[in-house]
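Peer 1: Residues 2 to 129 (the numbering used here) are what the sequence shown spells out, left to right.
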Amino acid sequence: MQAALPAGQVRGRIRFMPVIGAPVNAVTPLSRQLAVEARNRGFAILSASDPGGEHVLKGYFSADNFGGQTTVFYVWDVLDPAGNRLHRIQGQEATAGGAGDPWASIPADVMERIAARSIADYAAWRGL
Numbered sequence: 002m003q004a005a006l007p008a009g010q011v012r013g014r015i016r017f018m019p020v021i022g023a024p025v026n027a028v029t030p031l032s033r034q035l036a037v038e039a040r041n042r043g044f045a046i047l048s049a050s051d052p053g054g055e056h057v058l059k060g061y062f063s064a065d066n067f068g069g070q071t072t073v074f075y076v077w078d079v080l081d082p083a084g085n086r087l088h089r090i091q092g093q094e095a096t097a098g099g100a101g102d103p104w105a106s107i108p109a110d111v112m113e114r115i116a117a118r119s120i121a122d123y124a125a126w127r128g129l
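(1) Do the region 72 to 88 and the region 33 to 47 make contact, defined as three or more Cβ pairs closer than 8 Å?
(2) Hey, is the region 74 to 92 in contact with the region 44 to 51, meaning 3+ C-beta pairs nearer than 8 Å?
(3) Decide if V11 is buried, meaning its Cβ has at least 16 other Cβ atoms within 10 Å, or exposed.
(4) Just the Cα atoms here: how many angstroms apart are N85 and I15?
(5) Looking at the C-beta of S106, does it have a partner C-beta in chain B at a distance below 8 Å?
(6) Whose C-beta lies closer than 6 Å to the C-beta of I21 among residues of the same chain, with five residues either side of it excluded?
(7) Mark V57 as exposed unless 16 or more other C-beta atoms lie within 10 angstroms of its C-beta, in which case mark it buried.
(8) Restricting to Cα atoms, I'd like to know which of V111, I115 and V79 is closest to W126.
(9) Measure the alpha-carbon distance for P108 versus I90 and round it to whole angstroms.
(10) Give the secondary structure of R12 by DSSP, where H, G and I count as helix, E and B as strand, and everything else as coil.
(11) In angstroms, rounded to a whole number, what distance separates the CA positions of A124 and Q34?
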C-alpha cells in the first residue's frame with residue numbers, strides 16, 4: 002500500500018466526469034473511495050465543472066451475471082483538458098451472485114476495490 006503524502010503536498014490535480022453505466026448505489030462507494038485513494042497518493046480532485054487539472058478521468062461501467070458470479074467491467078479514459086484521450090485504464094472485478102439485476106449483487110467493497118485499483122493504475126501510468 003502507498004503511504005500517504007505529507008499534508009499539503011500535491012502530485013497532481015484531476016477531475017472525474019460523471020460515471021456512465023453504473024447506478025447511484027454503486028457509484029457512491031466508488032466515488033468515496035476514489036477520493037480517499039487519490040488524496041492518499043497526493044492527487045487533488047477538482048469538481049467536474051472545474052476547467053483546471055492535468056487530467057480528466059471519464060468512467061464507463063457495466064455489470065453482468067454468468068457462471069454463478071456477477072462481474073463489474075470498468076474503463077477509465079484519461080483525457081487531457083481538451084478532451085484528447087491519453088491513456089485507458091480497464092479491468093474487472095467479480096463477486097458471488099448471478100441472478101436478476103447484476104448491480105443488485107455488487108457490494109460496496111467491490112466498488113471500493115475498483116477505486117483503489119483505478120487510482121493505483123493511474124498513479125503507475127504517471128510514474129508515481
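Using N, Cα and C, we set each Cβ at its ideal position, and we do this for glycine too. What you are looking at is a predicted structure, and each value in this text was computed from that prediction instead of being measured.
Peer 2: Walking through what the data contain:
(1) Output reads no: the region 33 to 47 does not touch the region 72 to 88.
(2) When Cβ pairs closer than 8 Å are counted between the two stretches, the region 74 to 92 is seen not to touch the region 44 to 51, the count staying below three.
(3) Residue mapping note: residue 11 aligns to position 10 of the sequence shown, counting from 1. Exposed: under 16 other Cβ atoms inside 10 Å.
(4) Counted from its first residue, the sequence shown places residue 85 at position 84. Counted from its first residue, the sequence shown places residue 15 at position 14. Distance from the CA of N85 to the CA of I15, rounded to the nearest whole angstrom, comes to 15 Å.
(5) Among the chains in the structure shown there is no chain B, since it carries only a single protein chain.
(6) Numbered from 1 along the sequence shown, position 20 holds the residue referred to as residue 21. Only Y61 meet the Cβ criterion.
(7) Numbered from its first residue, the sequence shown carries residue 57 at position 56. Its Cβ being crowded by 16 or more others within 10 Å, V57 is buried.
(8) On the sequence shown, residue 126 is found 125 positions in, with the first residue counted as 1. Across the set V111, I115 and V79, the C-alpha of V79 shows the shortest separation from the C-alpha of W126.
(9) As a working mapping, residue 108 is identified with position 107 in the sequence shown. As a working mapping, residue 90 is identified with position 89 in the sequence shown. Each residue's alpha carbon lies about 22 Å from the other.
(10) Taking the sequence shown and counting its residues from 1, one reaches residue 12 at position 11. Secondary structure of R12 (DSSP, three-state): coil.
(11) The residue you call residue 124 lines up with position 123 of the sequence shown. The residue you call residue 34 lines up with position 33 of the sequence shown. Cα to Cα, A124 sits roughly 15 Å from Q34.
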